[in-house]
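Taking full-length UniProt numbering, I'd label the letters of the sequence shown as residues 1 to 103. We put the beta carbon where it would ideally sit given N, CA and C, even for glycine. Reading through the structure tokens given below for one structure.
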Amino acid sequence: MPTDAPEIIRAHRETGLFELKWPGESELFVRFFDVRCGCTCAVCVDEFTGEPLLDPAKIPTEIAPAGLDLVGQYAIRIRWNDGHNTGLYTWERLQQLAHAARQ
Numbered sequence: 001m002p003t004d005a006p007e008i009i010r011a012h013r014e015t016g017l018f019e020l021k022w023p024g025e026s027e028l029f030v031r032f033f034d035v036r037c038g039c040t041c042a043v044c045v046d047e048f049t050g051e052p053l054l055d056p057a058k059i060p061t062e063i064a065p066a067g068l069d070l071v072g073q074y075a076i077r078i079r080w081n082d083g084h085n086t087g088l089y090t091w092e093r094l095q096q097l098a099h100a101a102r103q
């Protein structure tokens with residue numbers, strides 16, 4: 001079953017956190033850095049092996065979204081200030097990242 005769209009997606013630049021809220025859940029917060037590391041595009045993850053290609057040490061500490069674009073009814077594209085913009089973050093992927101950040 002597909003994950004519903006979040007009710008809230010906010011980028012809090014002063015704290016470096018995304019605020020996400022799905023129907024029936026409390027707000028979840030996840031660091032910009034963790035979302036950037038969680039990109040699953042072909043530039044960041046090997047398409048055939050699933051092995052990560054992105055070296056987290058190369059992500060700038062001041063990473064932040066430069067913009068967000070809705071993609072259909074299932075995802076957003078985040079345009080990052082490091083120039084990366086090829087990843088799609090499905091609602092399910094965002095929820096996975098947010099729940100992982102709570103642990």
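Below 8 Å between beta carbons: does that hold for residue i and residue j?
{"i": "Arg79", "j": "Ala66", "result": "yes"}
{"i": "Phe29", "j": "Ala101", "result": "yes"}
{"i": "Val45", "j": "Thr86", "result": "no"}
{"i": "Arg77", "j": "Thr40", "result": "no"}
{"i": "residue 105", "j": "Val71", "result": "Look at the range of the chain in this structure, 1 to 103, and you will see that residue 105 is not part of it."}
CA-CA distance, residue i and residue j?
{"i": "Gly50", "j": "Gly38", "result": "12 Å"}
{"i": "Trp22", "j": "Ile8", "result": "7 Å"}
{"i": "Asn81", "j": "Leu20", "result": "20 Å"}
{"i": "Gly16", "j": "Tyr74", "result": "24 Å"}
{"i": "His84", "j": "Arg10", "result": "19 Å"}
{"i": "Trp91", "j": "Arg36", "result": "15 Å"}
{"i": "Gln95", "j": "Gly24", "result": "13 Å"}
When DSSP builds the beta bridges, which residues end up paired with residue i?
{"i": "Phe18", "result": "Ala11 and Val30"}
{"i": "Ala57", "result": "Ala57 is not bridged to any residue."}
Residues in the same chain with beta-carbon distance under 8 Å from residue i, minus the five sequence neighbours each way, listed in chain order, please.
{"i": "Pro60", "result": "Asn81 and Asp82"}
{"i": "Glu62", "result": "Asn81"}
Please determine whether the Cβ atom of residue i lies at a distance below 7 Å from any heavy atom of the ligand MN.
{"i": "Gln95", "result": "The ligand MN is not among the ligands present in this structure, which contains no ligands whatsoever."}
Compute the beta-carbon to beta-carbon distance between residue i and residue j, rounded to the nearest angstrom, for a pair I have assumed lies under 8 Å.
{"i": "Phe32", "j": "Phe18", "result": "7 Å"}
So, at 7 Å on beta carbons, what are the nonlocal neighbours of residue i in its own chain, with the 5 sequence-adjacent residues on each side left out?
{"i": "Glu14", "result": "none"}
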